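Colleague: Chains as they are written, first to last, in the working numbering: chain A, 1292 to 1504; chain B, 1292 to 1504.
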DNA sequence: CTCAACCCTCGACCAGCGGTTGAGGTCCCA
DNA sequence: TGGGACCTCAACCGCTGGTCGAGGGTTGAG
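1. Taking the alpha helix (DSSP H) that residue 1343 of chain A falls in, what are its first and last residues?
2. Would you kindly report the start and end of the unbroken alpha helix (DSSP H) that includes residue 1402 of chain A?
3. Give me the Cα-Cα distance between residue 1502 of chain B and residue 1450 of chain B, rounded to the nearest whole angstrom.
4. With distances taken Cα to Cα, identify the nearest neighbour of residue 1353 of chain A among B:1351, B:1481, B:1345.
5. What does the Cβ neighbour count give for residue 1273 of chain B, buried or exposed, with the cut at 16 atoms within 10 Å?
6. Which chain B residues sit within Cβ distance under 9 Å of residue 1437 of chain A?
7. When you compare the CB of residue 1459 of chain B with every CB in chain A, is at least one pair closer than 8 Å?
8. To the nearest whole angstrom, what separates the beta carbons of residue 1429 of chain A and residue 1294 of chain B, a pair I think is in contact under 8 Å?
9. Return no unless some Cβ of chain A is closer than 8 Å to the Cβ of residue 1466 of chain B.
10. Which partner residues of residue 1320 of chain A appear in the DSSP bridge assignment?
11. List the endpoints of the continuous alpha helix (DSSP H) containing residue 1474 of chain B.
12. If we call anything under 8 Å between Cβ atoms a contact, is residue 1467 of chain B one with residue 1442 of chain A?
13. How many Å lie between residue 1455 of chain B and residue 1469 of chain A at the Cα?
14. Counting only C-beta atoms, is residue 1327 of chain B closer than 8 Å to chain A at any point?
15. Hey, does residue 1427 of chain B have any beta-carbon neighbour from chain A nearer than 8 Å?
16. Which same chain residues end up closer than 7 Å to residue 1474 of chain A when comparing Cβ atoms and leaving out the 5 residues on each side of it in sequence?
17. Along chain B, in chain order, which residues have C-beta atoms closer than 9 Å to that of residue 1350 of chain A?
18. Does the beta carbon of residue 1473 of chain A come closer than 8 Å to any beta carbon on chain B?
19. For a test of the three-state rule: what should DSSP assign to residue 1428 of chain A, helix, strand or coil?
20. May I ask which residues mark the beginning and end of the alpha helix (DSSP H) holding residue 1451 of chain A?
21. Among B:1324, B:1436, B:1356, B:1305, which one has its Cα closest to the Cα of residue 1424 of chain B?
22. With distances taken from CA atoms, which of B:1339, B:1323, B:1318, B:1324 is nearest residue 1330 of chain B?
23. Out of B:1447, B:1418, B:1406, B:1413, which has the shortest C-alpha to C-alpha gap to residue 1432 of chain B?
24. Out of B:1460, B:1414, B:1412, B:1411, point me to the one whose CA is closest to residue 1282 of chain B's CA.
25. Compile a chain-ordered list of the residues in the stretch 1405-1422 of chain B whose CB is closer than 8 Å to at least one CB of chain A.
26. Report yes or no: is there a C-beta of chain A within less than 8 Å of the C-beta of residue 1259 of chain B?
27. What are the boundary residues of the alpha helix (DSSP H) that includes residue 1417 of chain A?
28. Could you spell out where the alpha helix (DSSP H) holding residue 1503 of chain B opens and where it closes?
29. Got a sec, what are the start and stop residues for the alpha helix (DSSP H) residue 1309 of chain A sits in?
30. Interface residues of chain A around residue 1482 of chain B at Cβ under 7 Å?
31. By Cβ distance, which residues of its chain are closer than 8 Å to residue 1315 of chain B, with the 5 residues on each side in sequence left out?
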């Protein structure tokens, strides 16, 4: 069976297969005396693993998850290729990464810098400020303001204007209030962790309540 | 510009970017005094690199080839996912993390499976249900329920119990209500996009309102 | 029964990737 | 003119994905 796979994958060795087994990617049967006995299904599985490594460069951890998904009757989500650069309208992107750790020095943008970084009109920005969505700290704005302004601009494209977004502000305020009740008003190690958790909770709740596809 | 990318990719650091430059993946301009000066195109390029790493697990060597191909006007060959072994019932995948795209077949877990997947006590799960945080759909639970239950368990470690989390439920309901006002009660292409946007808005708002480090 | 050719396990070791760290120095503007 | 942000370069590091070898059992041909 080793020869069989070697026909297809040049660099497979016994030790590699043993290693893959030790990582839980295959679990061949055993003979009475302890020799491995590979079924056709085991060989298919190995083929899948080796192909995923060679052709998709996937790390074993991810391949293992895929196999797990396949076992449970799902098919692994194959992330498409990222959007090529130099196509400018990048805005509708991934949700913001859940990083609430202590950022280094904060970005300090002037109002004009913020406007151009987010690509929003002065008018929209004004509205966002008057509804308390974007706030300046001593006449400078930080990186979150960029994200907020960009998203607000996108939402405007769906007919949602700043005034419709006030509820988000109050929800966020309440969320932060809750966090501060737990960790106190000063920023600590826990503050970021807690924020990451609550935001995850929020995200999952929203998703779970969306109409089913 | 570092902060700009950090909004999208949590773990980018200055040293990482310098490393990427040393590997020839970006070549930002320099000021007279030797400081790096990143053009919008450079930032796009970095975005591409980081997205490829995070979402496709591509090694830098491969990403570099892709970039080279793009520069020469080609589009990078994206290897499709390998053929699944032993062709089990192929159903579209489980939504990963913050993916609001049209999920295919949902995960369907029994209560007990959910409990063990999330690692929570029957008691906690009961409370979560009675507060409407976790809901069964015809006595099965989906993947979001796992996330919700796990996070709730973590939050319990901070003294936040299910009853403290009701506000999250109502906030999520309102958010979904708003989305449905725009896209209608049926799930469409837009529903997911809009949800991703609002969740991003929420996240950025929370972060912006956290006490400064 | 014996011997060669396999197979097993387990722990030590290893190379490369993808960065991080720190020392030593420059730049710049408040 | 002080301090914070930036520079370079070399050393270091942790993790992944294995390989190697010692020590020992199994199998089948002769």
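Glycine included, each C-beta is placed from N, C-alpha and C at the ideal position.
These numbers come from a predicted model, not from an experiment.
Modeller: So, from the listed chains and residues:
1. Here residue 1343 of chain A corresponds to residue number 52 of the first chain, with the count starting at 1. 1331-1347 is the span of the alpha helix (DSSP H), which, as asked, contains residue 1343 of chain A.
2. Indexing the first chain from 1 puts residue 1402 of chain A at position 111. Residues 1402-1409.
3. As a working mapping, residue 1502 of chain B is identified with position 211 in the second chain. As a working mapping, residue 1450 of chain B is identified with position 159 in the second chain. The alpha-carbon atoms of residue 1502 of chain B and residue 1450 of chain B are separated by roughly 20 Å.
4. The count along the first chain starts at 1 and reaches residue 1353 of chain A at position 62. The option with the nearest alpha carbon to residue 1353 of chain A is B:1345.
5. A query on residue 1273 of chain B cannot be resolved here, the shown segment of chain B reaching from 1292 to 1504 and no further.
6. Numbered from 1 along the first chain, position 146 holds the residue referred to as residue 1437 of chain A. Here the neighbours are 1294, 1295, 1298, 1495.
7. Along the second chain, one-based indexing puts residue 1459 of chain B at 168. Answer yes: the Cβ-Cβ gap between residue 1459 of chain B and chain A drops below 8 Å somewhere.
8. Taking the first residue of the first chain as 1, we reach residue 1429 of chain A at position 138. Taking the first residue of the second chain as 1, we reach residue 1294 of chain B at position 3. With 8 Å as the limit, residue 1429 of chain A and residue 1294 of chain B do not qualify as a contact, their Cβ atoms being about 17 Å apart.
9. Taking the second chain and counting its residues from 1, the one referred to as residue 1466 of chain B is at position 175. Answer yes: the Cβ-Cβ gap between residue 1466 of chain B and chain A drops below 8 Å somewhere.
10. Locating residue 1320 of chain A in the first chain gives position 29, where the first residue counts as 1. In the DSSP output, where bridge partners are listed per residue, residue 1320 of chain A has A:1328.
11. Taking the second chain and counting its residues from 1, the one referred to as residue 1474 of chain B is at position 183. 1457-1474 is the extent of the alpha helix (DSSP H) around residue 1474 of chain B.
12. Residue mapping note: residue 1467 of chain B aligns to position 176 of the second chain, counting from 1. Residue mapping note: residue 1442 of chain A aligns to position 151 of the first chain, counting from 1. No, Cβ-Cβ distance for residue 1467 of chain B and residue 1442 of chain A is not below 8 Å.
13. Taking the first residue of the second chain as position 1, residue 1455 of chain B is located at position 164. Taking the first residue of the first chain as position 1, residue 1469 of chain A is located at position 178. Each residue's Cα considered, the two are about 9 Å apart.
14. Translated into the one-based positions of the second chain, residue 1327 of chain B becomes position 36. No, no contact with chain A.
15. As a first step, residue 1427 of chain B must be located in the second chain, where it is residue number 136. No, no contact with chain A.
16. Walking along the first chain from the start, residue 1474 of chain A turns up at place 183. Closer than 7 Å at Cβ, skipping near neighbours: 1481, 1482, 1485.
17. Taking the first chain and counting its residues from 1, the one referred to as residue 1350 of chain A is at position 59. By Cβ distance, chain B contributes 1348.
18. Taking the first residue of the first chain as position 1, residue 1473 of chain A is located at position 182. By this cut-off, residue 1473 of chain A is an interface position.
19. By one-based count along the first chain, residue 1428 of chain A stands at place 137. Residue 1428 of chain A falls in the strand class under three-state DSSP.
20. For the purposes of this step, residue 1451 of chain A is identified with residue 160 of the first chain, where counting begins at 1. Residue 1451 of chain A -> no alpha helix (DSSP H), and no H or E assigned at all.
21. For this step, residue 1424 of chain B is matched to residue 133 along the second chain. Among B:1324, B:1436, B:1356, B:1305, the Cα nearest to that of residue 1424 of chain B belongs to B:1436.
22. Your numbering for residue 1330 of chain B matches position 39 in the second chain. Checked all of B:1339, B:1323, B:1318, B:1324; the closest Cα to residue 1330 of chain B is B:1318.
23. In the second chain, the residue the question calls residue 1432 of chain B occupies position 141. Nearest of B:1447, B:1418, B:1406, B:1413 to residue 1432 of chain B, Cα basis: B:1406.
24. Because chain B is modelled from 1292 through 1504, residue 1282 of chain B falls outside the range shown and cannot be assessed.
25. none
26. A question about residue 1259 of chain B goes unanswered here, because the residues of chain B that appear run from 1292 up to 1504.
27. Within the first chain, numbered from 1, the residue matching residue 1417 of chain A stands at position 126. Counting along the chain, the alpha helix (DSSP H) containing residue 1417 of chain A begins and ends at 1413-1421.
28. If you number the second chain from 1, residue 1503 of chain B lands on position 212. From DSSP, residue 1503 of chain B is part of no alpha helix (DSSP H); its letter is neither H nor E.
29. One-based indexing of the first chain puts residue 1309 of chain A at position 18. Counting along the chain, the alpha helix (DSSP H) containing residue 1309 of chain A begins and ends at 1305-1313.
30. In the second chain, the residue the question calls residue 1482 of chain B occupies position 191. Per Cβ cutoff of 7 Å: 1501, 1502.
31. Here residue 1315 of chain B is taken as the residue at index 24 of the second chain, counted from 1. Closer than 8 Å at the Cβ level, and outside the excluded window around residue 1315 of chain B, lie 1355.
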